[in-house]
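What follows is one structure encoded as structure tokens, with my remarks underneath.
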Amino acid sequence: MVKDQNIKYLFEPRSVAVIGASSNKGKIGNAVISNIIKGGYKNKIFPINPKGGEIEGIKAYKSVLDVPDEIDIACITVPAKFVLESVKECAAKGVKYAIVITSGFSEIGKIEEERKLVEAAREKGMRILGPNVFGIFTAEVSLNSTFTGSVIPSGNLGIITQSGALGVVMIGQATVGNIGLSAIVSVGNKADVDEGDLIEYMIAQDRTKVILIYMEGVHEGERLVETLKRATKIKPVVIIKSGRSTRGAMAAASHTGSLAGSDTVFDDVIKQCGALRAENMTEAFEWSKFLANNPLPAGENTVIITNGGGAGVMATDACEKYDIILYDDSNHLKTIFSPATPEFGSTKNPIDITGQAKAEDYVKAFNAALHDPEIHSVIGVFCESSLFTHKDLDMAVEQNYRQFKAAGKPIVFCLLGGETVDEYARESRRKNIPVYNDVYEGVAALGAMYSYKRYAEEKEDEVADFKFDVAAVDDIVDNARQEGRSFLLSHEGQEVMRVTGIAVPKSMIAVNIESAVKSAAAIGYPVVMKVVSKDILHKSDAGGIALDLVNDEEIISAYEAIMRNCRAHVPHAVIEGVEISEMVQPGTEMIVGARIDGSFGPTVMVGLGGIYVEVMKDVSFRATPLGRREIMAMIKEIRSYPLLLGVRGEKTRDINALVDTIIKIGAVIRNCKGISDIEINPLVLYEQGMGARAVDVRIILSREER
Ligand code: COA
């Protein structure tokens, strides 16, 4: 979809109309107009109500068509049955955006009614936000056209939310946490405007320092990926997505499908885009606030300064979990921290200034870290004690924080203690000092910052291009379709592999016992025999596979057994013969898949293969197109990655061959419109330089031409 050139008008309207503005307190149409006035919107306001007159002291028009001025946005708060008419009038008036607050459209199954709204708007070049939204707050023009009861604090966090109700909650939380907003928009049913359009504005807008998105489902995933990748190069994006269920995915026809629970793919793709996925609302706000108010570290060296050994160990664990690198030059640490550490303390990271530390000792240690160019960020951990009480916190926290901030060095404070410490922490948070009651929370916020920094500073990964004979694959697909099949037979799948240059075992088709014997001799023993039948997709379940056949006698008895098993298992199956293939040498069994994901379009998957893939679920996903570096990141994410580096004296596996295979099947899924799923399992990976073999290839066709 093309970029919306007008999006600025949604966030910086020169005039606002409220269709269904009402004088009746308690009605949404009254709340919206009252909030616009109370919020201090300086530009033109036009209440629209069939009765005319005045609403909240402003002249009301009976119809939007009567308004003598141009209107940039119109908030619609009339009942659902009148919305289409209002949309048509707004479109005729030349309104740029209609914000349809009214509920009762696709969210209750009224899809056609919703489609008609978009159609009527688009005819005249108007766009629709919603329906089923709570409006928009935008600090740029002090416009609060939501129906929330709270005053929205202005600041630099931009929020996009699919749920209006949670949007209201977020406004409440932002107020409590003293987090100012640059804008908050709810997208509701996303009939037209979606996250992609809104992110686009927030990327360009200086006021927004961090973007926070709450989403439930993904529309136009490919565009979202492209927009997010650009956004995160410029400012941090924090995402909370609900709906971690994999329901539905199990019914998919391939392993790749069933492993691609929508949330797994979402999680991996969001990481790929450099966005930070928060577990819950508290975490999302903590990260957003920390990222918006604090400088990025100049480097990766972090130190923990603590008065409690145990708390220091906990912070160390948390650093490992959130990928924070603890500075470990022990000589240097000793030089700079000895003056602040008693003999029985430790200058090894964590720096343990011990339970006898007073506020001055913390100041000394913090100062050492502040002025040392080798140290780039600090985690201050405090345990309440009789020597260090909440009264000491003032000296140890606020002033140090201001100095660190001014010096461009991030610092987080984790305060562990009782009620008074809790109160102090709450109060400090209101002053936007990064103070946490738990070690993990503070470390997680710093970890999110590092994760963002690493992504933002990484050079663009060059997309790996792979050209192949697309027409040859399309011919194989067309042929299968003409035979009424929705999948390719094994030898056809292997043919697709040959077209793309992915090595497959030597194989031949035999239609009777004699030709089976001849084929086996031509290929060379040992061989594998597999049934060929369009009616049998799961060959091993049907007893249609025999492995490691070493001579003619074994070929004859395997042939007879396969025919017997398959006829018993699928009585009406038309059996075309058997495929005789070379028995491949053992290696590391991987799975490589590619599929058209319902949300993100063409995606690829890699994981540990074999028969236990669905149990192990050791896989990772990425949206295509992608470059070699991102493919490596995807491979490194799987738990079994160390196996590829060689264990117990084994040599490193041919990881390059694995990367090449992923690039190739990624290219097939992107270019061959008739294919919806490709799965190679196992892809046997040999030692470095020896390549890989695609032993079993399963290809499923799209239901209709894409
Ligand atoms: N043009 C202008 N005004 C119109 C109109 C039209 N075509 N048709 C009706 N109105 C006026 C009504 O006269 C009324 O004004 P009044 O109080 O002066 O009589 C006003 O619009 C509202 O209409 P009303 O029939 O009273 O509706 P309502 O306020 O009970 O409900 C909604 C309207 C939109 C609030 C309701 O249908 C709805 O969708 N509620 C859910 C909203 C929601 O939760 N959204 C999602 C948030 S995340």
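Residue numbers (our numbering): 133 to 838.
We treat Cβ as the ideally placed atom computed from N, Cα and C, and that holds for glycine.
Start and end residues, beta strand (DSSP E) containing E721: That run of the beta strand (DSSP E) goes T720 to D729.
Beta-carbon gap between L815 and I668 smaller than 9 Å: Contact: no.
Backbone secondary structure at L261 - three-state DSSP: Of the three classes helix, strand and coil, the one that applies to L261 here is strand, per DSSP.
Under the three-state DSSP convention, the category C405 falls into: Collapsing the DSSP output to three states places C405 in coil.
Beta-bridge pairing of F514 - partner residues as DSSP gives them: According to DSSP, F514 bridges with L547.
CB of V751 within 9 Å of CB of G742, strictly: No, they are not a contact pair.
Backbone CA spacing between G241 and Q820 [nearest angstrom]: It is roughly 55 Å from the alpha-carbon of G241 to the alpha-carbon of Q820.
Best match in D606, G431 and Y691 for proximity to A642 [C-alpha to C-alpha]: Answer by Cα proximity: Y691.
Close-in-space but distant-in-sequence residues of the same chain around I807 (CB under 7 Å, 5 per side omitted): Within the same chain, I807 has close Cβ partners V609, V800, I801, I831, L833 and S834.
Same chain, Cβ closer than 8 Å to L519, five either side skipped, listed in chain order: For L519, where only same-chain residues beyond five positions count, the Cβ hits under 8 Å are G487, Q488, A489 and K490.
Pair within 9 Å by beta-carbon distance, I371 and A407: Taking a C-beta distance under 9 Å as the contact criterion, I371 and A407 qualify as a contact pair.
Rounded Cβ spacing between K796 and I634 (contact assumed at less than 8 Å): Cβ atoms of K796 and I634 come within 8 Å of each other, at about 6 Å.
Beta-carbon proximity of V319 to Q294, cut-off 9 Å: In this structure, V319 sits near Q294, with a CB-CB distance shorter than 9 Å.
N276: CB within 8 Å of a non-hydrogen atom of the ligand COA: No, the Cβ of N276 stays beyond 8 Å of every heavy atom of the ligand COA.
Endpoints, the alpha helix (DSSP H) within which Y572 is located: Taken as a continuous stretch (DSSP letters only), the alpha helix (DSSP H) holding Y572 covers V571 to E589.
N- and C-terminal bounds of the alpha helix (DSSP H) containing V325: That residue, V325, is in no alpha helix (DSSP H); it is neither H nor E in DSSP.
Any non-hydrogen atom of the ligand COA closer than 8 Å to K403 Cβ: No, the ligand COA has no heavy atom inside 8 Å of this Cβ.
Spatial neighbours of I190 in its chain, beta-carbon cut-off 7 Å, leaving aside the 5 residues before and after: Within the same chain, I190 has close Cβ partners I177 and P179.
Beta-carbon separation (whole angstroms), T364 vs A224, contact threshold 8 Å: That belief does not hold up - the Cβ atoms of T364 and A224 are roughly 40 Å apart, past 8 Å.
Segment contact flag, the stretch 696–712 with the stretch 657–677, C-beta cutoff 8 Å, min 3 pairs: With the cut-off at 8 Å, the stretch 696–712 and the stretch 657–677 touch.
is_contact[G739, chain E] using C-beta, thresh 9 Å: Absent from the structure: chain E. Only one protein chain is present.
Inter-residue spacing [alpha-carbon to alpha-carbon] between F214 and G328: In this model, F214 and G328 are separated by some 29 Å (Cα to Cα).
Boundaries (first-last residue) of the beta strand (DSSP E) holding A826: A824 to A826 is the extent of the beta strand (DSSP E) around A826.
For V317, the nearest candidate out of I331, R617 and V710 (CA to CA): Comparing Cα-Cα distances from V317 to each of I331, R617 and V710, the minimum goes to I331.
Reference E255; option with closest CA among V227, T473 and E202: Taking only the C-alpha atoms, the option nearest E255 is V227.
N179 - DSSP class collapsed to helix/strand/coil: It should be pointed out that residue 179 corresponds to Pro in this sequence rather than to Asn. Looking at P179 - three-state DSSP - the assignment turns out to be strand.
For K140, the three-state DSSP class (helix, strand or coil): It is helical.
T209 CB to nearest heavy atom of the ligand COA below 8 Å: Result yes, Cβ under 8 Å from the ligand COA.
Short Cβ contact (9 Å threshold) for D786 with L817: With contacts defined as CB atoms closer than 9 Å, D786 and L817 qualify as a contacting pair.
Nearest-angstrom beta carbon gap, S651 and V350 [assumed within contact, 8 Å]: Here V350 is actually not in contact with S651; their C-beta atoms are around 48 Å apart, not less than 8 Å.
As assigned by DSSP and simplified to three states, the class of R780: In the structure shown, R780 sits in coil (DSSP, three-state: anything other than H, G, I, E or B).
Close Cβ partners of V199 (< 6 Å) along its chain, the five nearest in sequence each way excluded: Closer than 6 Å at Cβ, skipping near neighbours: F178 and Y193.
A297 CB to nearest heavy atom of the ligand COA below 8 Å: Yes, the beta carbon of A297 sits closer than 8 Å to at least one heavy atom of the ligand COA.
V370, enclosing beta strand (DSSP E) - first and last residue: Where V370 is concerned, the enclosing beta strand (DSSP E) starts and stops at V369 to K373.
Assigned secondary structure, L661 (DSSP; H/G/I helix, E/B strand, else coil): The identity of residue 661 in the sequence shown is Met, whereas the question assumes Leu. Note: M661 maps to strand in three-state DSSP.
Pair within 9 Å by beta-carbon distance, A678 and A654: No.
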